[in-house]
Amino acid sequence: MTSTASRPAGTVQPDRAAATARRLSLLNVAFELRAFIALAVLVVVFGVLSDAFLTVPNLITMTKHVAINAVIALGMLLVILKGGIDLSVGSIVGLSGVVAGELLGGLHVGGVIAYPPVWVVIVLCVGVGALVGVVNGVLVTRFNVAPFIATLGMLYVARGAAMLISDGATYPNLAGNPAFGNTGFGLLGSGRPLGLPTSIWIMIVLAVAVVLLLAKSPFGRWLYATGGNERAADLSGVPIRRVKTIVYVISGACAAVAGLIIASELTSAAPQAGETYELNAIAAVVIGGAALSGGRGTVRGTLVGAFVIGFLADGLVILGVSTFWQILIKGAVIILAVMLDQGQQRFKRRGAAAAAVAATRHHD
Amino acid sequence: MTLRAREVTKVYGGTHALKGVDFAVAPGRVTALFGENGAGKSTLMKILAGIEQPTTGHVELDGRPVRLASSRDAADQGIAIIHQELSLCPNLSITDNLFLARELRTPFGAVDRTAQRERTLAVLRTLEEELDPDTPVADLRLGQQQIVEIARALLQDTRVLIMDEPTSALTAPEVEVLFKVIRDLTSRGVAVVYISHHLDEALDIADDVVVLRDGTLVATAQAAEVDLRWIVEQMVGRDQDTLFPDRDSQAGEPVLDLRDLIVIDPANPDRLAVGGVSLTLRAGEIVGVYGLMGSGRTELLEALAGRIPPASGEIVLAGEPLTRAGIRDRIRRGLILVPEDRQRDGLVQTMTVGENLSLAGLYQYVRRLFVSAAREGAAVRRVITDITVKTSGAKAAIGSLSGGNQQKVVIGKALLTGPRVLLLDEPSRGVDVGAKADIFQLMAAQARRGLAVLFTTSEAEEALHIPDRLLVLARGAVVGEYRRGEIDREELMRVSDGATNGGALR
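Going down the list, the protein sequences come from chains Y and E.
For the first sequence, counting from 1, position 337 maps to 337 in this note's numbering; every step adds exactly one.
For the second sequence, counting from 1, position 22 maps to 386 in this note's numbering; every step adds exactly one.
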């Protein structure tokens with residue numbers, strides 16, 4: 001047989017298959033670590049180019065910025081693992097801050113003004129975020145609205161609600177009044193327990209909680225199964241509707257927490273806060289290796305993704321790169337990350353095929 | 365023109381669908397391709413039609429290697445395929461479907477609707493089908509859609525025509541017309557490849573016979589020199605006593621009762637998928653449901669499992685009504701389904717072997733808030749040994765397993781829920797003969813332990829040898845019920861065929 005003529009490209013020769021399989025598995029390891037490698041490259045490059053970059057105060061400041069996106073992204077990760085998307089989180093950030101501002105300014109109840117304590121304010125704000133999540137979940141699971149559309153709609157609804165409540169104005173002072181017993185909101189932003197800003201602690205605690213949820217709880221397994229193959233999960237008795245609703249609730253609550261952190265750091269709440277934050281969160285999750293089709297993604301990857309985006313943005317600012325270039329570079333990094341991910345998936349498939357061909361030869 | 369596959373191998377994930385197959389078709393002859401489900405027939409045809417690329421090996425046309433990168437490529441070479449799964453756009457009219465991506469143009473470049481309509485009418489006339497060319501395909505019944513699919517192949521300048529289960533939804537007169545058309549094509553030098561579950565029908569029209577088994581070409585012969593018995597022997601390829609477990613029925617107490625179950629076809633609400641089926645399942649009993657595609661076998665099992673709600677009827681499990689319970693509830697009460705399409709409904713490809721195995725029974729391993737890794741691991745390891753899943757371990761990717769072992773994982777997942785009733789929809793589909801024997805042994809072993817097993821099959825040999833009791837399902841109704849040994853192959857064909865060829869149920 002003459003096999004030299006026009007052999008179709010992309011097919012694997014059995015005699016070379018074993019070597020191909022080995023080579024591909026090595027490449028795979030490099031791919032798995034790509035987000036870490038990207039982060040390391042960023043740190044080294046910025047560290048060389050700027051003396052201010054690799055200092056402890058700057059690293060803490062940058063991590064504070066990262067924390068806000070990371071908190072939103074952890075919620076987003078759950079939604080994306082399910083195979084959905086949550087575009088409403090940026091608006092929830094704004095809504096949550098506005099609700100905090102309104103509550104700290106006092107509640108008019110039948111002629112008297114009540115001042116709820118700060119912890120009640122926080123619980124109510126997180127509740128508002130969760131409530132938006134419930135609406136998202138119900139729209140998706142009960143009314144079969146595509147997640148993209150449902151959460152796009154809620155993006156506008158939540159932002160509109162924030163504008164209506166605040167009448168479009170910023171709440172300038174969230175410090176509270178000792179006479180009313182509602183001071184302390186600012187600690188969320190300015191407090192430094194054990195030397196680290198509260199927001200970083202919140203990110204760490206939340207990340208640990210999500211890791212436990214995903215790795216240890218039955219819910220985590222249900223979530224990966226629902227995102228990986230909804231039909232198979234359904235037939236295995238996984239309560240897919242409940243799983244799908246809960247991820248939107250958690251995502252909304254996470255976004256509300258981020259809104260509280262921002263309002264507290266600024267000790268003021270603007271209804272415009274958090275615009276386009278949903279895109280940063282999605283970018284962090286995607287750079288972290290999660291598949292938008294669902295079923296694949298990790299907390300570790302998402303955190304690294306959030307750090308890549310945050311360090312890239314702050315590093316470019318420190319270097320004095322123009323805002324316009326910053327935006328463009330961010331976009332390029334996101335696209336590159338997803339291209340690498342596609343490449344990895346292809347290598348994985350080819351590796352499996354090559355390994356199988358090699359295995360037959362051993363049997364022969 | 366001679367179309368030939370040379371040492372073609374195809375690997376999906378970790379599964380070998382084809383192992384070095386040499387296959388050729390000659391002009392003016394009908395080659396019937398035989399093989400059980402999963403033998404590799406469809407894969408081989410998809411490679412010849414350019415839909416799939418071989419992992420190794422190549423395709424030759426008139427002795428020269430060709431690369432068929434797409435079905436369009438193949439069509440340009442005169443190779444057309446009629447799919448087992450229909451590939452029509454339901455929203456478009458018959459004419460639009462026939463000329464999709466090869467529209468006739470007016471001199472100004474616009475679509476020439478008049479010419480298209482005339483040629484559509486002409487080809488429908490050849491097929492003796494009186495249909496309005498403007499009818500949307502969605503409004504046609506399944507058999508008519510199959511006719512449209514055939515018409516599309518006829519419209520092209522076809523030199524090799526591959527027909528993969530072209531008659532599964534056709535009425536007897538329609539099959540007659542199709543055979544007339546096939547003979548007309550071969551007389552004009554067209555090479556035809558014919559695949560059908562109806563073995564006698566395929567042998568009838570064939571000049572040459574080729575048998576595939578487990579991805580290997582095992583036999584070729586002239587159709588005139590062989591009979592059905594020979595073909596079945598080649599297809600199964602081993603002593604049937606070792607393939608089918610020897611067992612005595614030990615039916616105990618009734619476990620599952622269904623009465624007058626009616627299920628509306630989810631794909632077509634005008635049609636009943638299951639039209640009033642009653643059945644009692646006893647502990648320790650294996651009951652088979654023999655039915656062809658569209659007989660309602662899948663819908664029957666999905667309604668039992670809680671996947672689709674029945675329109676009416678009653679399901680009772682161990683004395684308790686189950687009709688309104690959800691899937692989750694049914695699993696916890698001891699009823700679980702092993703679905704027909706394991707890729708689509710059975711496995712989560714992004715999870716490991718162990719995670720797939722424990723998914724349905726996960727609730728048993730939860731301690732406080734979390735899944736106990738120790739309990740889960742022990743159960744998973746036990747079931748991997750029990751049902752002999754060939755895997756490097758619980759952490760292996762599910763895609764690294766062969767089709768048969770993937771199927772065992774789906775069955776293992778069901779067994780880990782501790783069921784009283786095990787439903788299996790075509791459990792031997794797409795697995796090799798060795799795994800098939802394992803799966804049948806497994807079913808027998810579970811029945812011995814007191815489970816009630818209900819499975820469907822479209823393989824006559826399985827239907828005749830495995831179940832203690834066989835129900836023949838056609839057009840959503842039970843058309844016959846037999847104990848093992850009460851019915852032979854010819855009778856089974858006659859019973860199921862006579863009923864299916866009546867057309868779709870209204």
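The beta carbon of each residue, even a glycine, is placed where N, CA and C say it ideally should be.
Q: Tell me whether E/Thr373 sits in a helix, a strand or coil according to DSSP, three-state version.
A: strand
Q: May I ask you to report which of helix, strand or coil DSSP gives E/Arg812?
A: helix
Q) In chain Y, which residues lie less than 7 angstroms from E/Lys777 when you measure between Cβ atoms? A) Ser236
Q: List the residues of chain Y that E/Ile691 touches, going by C-beta distances under 7 angstroms, in chain order.
A: Asp234, Leu235 and Gly237
Q: Would you kindly report the start and end of the unbroken beta strand (DSSP E) that includes E/Val385?
A: Thr379 to Val389
**Q.** Residues that DSSP places opposite E/Arg716 in a beta bridge
**A.** It should be pointed out that residue 716 of chain E corresponds to Thr in this sequence rather than to Arg. According to DSSP, which records beta bridges pairwise, E/Thr716 is partnered with E/Ala761.
Q: Using the DSSP secondary-structure output, state which residues sit across from E/Thr755 in a beta bridge.
A: Paired residues: none, contrary to the question.
(Q) Ignoring anything shorter than 4 residues, give me the alpha helix (DSSP H) runs that lie fully in the stretch 468-492 of chain E, in order along the chain. (A) For the stretch 468-492 of chain E, whole alpha helix (DSSP H) runs of length 4 or above, ordered along the chain, are 477-490.
**Q.** Rounded distance between the beta-carbons of Y/Val93 and Y/Ile85, thought under 8 angstroms
**A.** Rounded to the nearest angstrom, the Cβ distance from Y/Ile85 to Y/Val93 is 16 angstroms, too far for a contact under 8 angstroms.
Q.
On the CB-based measure, 16 or more other CB atoms within 10 Å of its CB, does Y/Cys254 come out buried or exposed?
A. buried
Q: Ignoring anything shorter than 4 residues or poking outside the stretch 766-795 of chain E, list the alpha helix (DSSP H) runs there in chain order.
A: Taken in chain order, the complete alpha helix (DSSP H) segments of 4 or more residues contained in the stretch 766-795 of chain E are 767-779.
Q) Quick one: is E/Pro673 near chain Y, going by C-beta distance under 9 angstroms? A) No, E/Pro673 lies away from the interface with chain Y (no Cβ there is under 9 angstroms from its Cβ).
Q. How would you call E/Ser434, buried or exposed, if buried means at least 16 neighbouring beta carbons within 10 angstroms?
A. exposed
Q. Exposed or buried, which one is E/Ile851 when buried takes at least 16 other CB atoms within 10 Å?
A. Buried, since its Cβ has 16 or more Cβ neighbours within 10 Å.
Q) By the 10 Å Cβ neighbour count, where 16 or more other Cβ atoms means buried, how is Y/Leu303 classified, buried or exposed? A) buried
Q: Assign Y/Asp364 to one of two classes, buried (16 or more other C-beta atoms within 10 Å of its C-beta) or exposed (fewer than that).
A: Residue placement at Y/Asp364 is poorly supported in this model, since its pLDDT is 41, which falls under 50; the coordinates are not used for a value here.
Q) So, helix, strand or coil for Y/Ile80, using DSSP? A) helix
Q: Note down the Cα distance separating E/Phe472 from E/Ala479, rounded to an integer number of angstroms.
A: 14 angstroms
Q. Could you give the residue range of the beta strand (DSSP E) that holds E/Ala838?
A. Judged by DSSP secondary structure, E/Ala838 falls within the beta strand (DSSP E) whose first and last residues are Arg833 to Ala838.
Q: Work out the CA separation of E/Lys754 and E/Ile650 for me, nearest whole Å.
A: 26 angstroms
Q) Taking the alpha-carbon positions, what's the Y/Glu278 to Y/Met339 distance? A) 21 angstroms
Q: Could you tell me the distance, in whole angstroms, from the CA atom of Y/Asn280 to the CA atom of Y/Leu328?
A: 14 angstroms
(Q) So, does the stretch 301-321 of chain Y touch the stretch 166-183 of chain Y, judging by three or more C-beta pairs under 8 angstroms? (A) no
Q | Among Y/Val321, Y/Gly310, Y/Leu39 and Y/Val299, the one whose alpha carbon lies nearest that of Y/Thr61 | A | Y/Gly310
Q.
Taking the beta carbon of E/Asp386 as the centre, do at least 16 other beta carbons fall within 10 Å, making it buried, or is it exposed?
A. exposed
Q. When DSSP labels each residue in this structure, what does E/Arg870 get in the three-state scheme?
A. Bear in mind that a pLDDT of 32 at E/Arg870, under 50, signals an unreliable position, so the number given afterwards is only what the model happens to contain. Correct three-state label for E/Arg870: coil.
**Q.** Distance between E/Thr470 and E/Thr499 (C-alpha atoms, nearest Å)
**A.** 23 angstroms
Q: Can you tell me which of the three DSSP states E/Asn865 falls into?
A: Low local confidence applies: a pLDDT of 42 at E/Asn865 is under 50, so the model's placement there is unreliable, with the coordinate-based value given in what follows. In the structure shown, E/Asn865 sits in coil (DSSP, three-state: anything other than H, G, I, E or B).
Q.
Can you pull out the residues from the stretch 712-736 of chain E whose beta carbon lies closer than 9 angstroms to at least one beta carbon of chain Y?
A. Val712, Gln713, Thr714, Met715, Glu719, Asn720, Ser722, Leu723, Ala724, Gly725, Leu726, Tyr727, Tyr729, Val730, Leu733, Phe734 and Val735
Q) Assuming E/Gly579 contacts E/Lys383 under a Cβ cut-off of 8 angstroms, what Cβ separation, rounded to an integer in Å, is found between them? A) 4 angstroms
Q | Sheet register partners of E/Asp564 (DSSP bridge) | A | Answer is none; E/Asp564 lacks a bridge partner.
Q) For Y/Leu131, which residues from the same chain have a beta carbon less than 8 angstroms from its beta carbon, with the 5 sequence-adjacent residues on both sides left out? A) Gly252
(Q) So for E/Arg853, helix, strand or coil by DSSP? (A) helix
Q) Would a check of beta-carbon distances place E/Pro703 closer than 9 angstroms to chain Y? A) It does: the Cβ of E/Pro703 has a partner Cβ on chain Y nearer than 9 angstroms.
**Q.** Same chain only: Cβ atoms within 8 angstroms of Y/Ala52, ignoring 5 sequence neighbours per side
**A.** Asn58 and Ile318
Q: Quick one: using the 10 Å Cβ neighbour count with 16 as the cut-off for buried, is Y/His108 buried or exposed?
A: exposed
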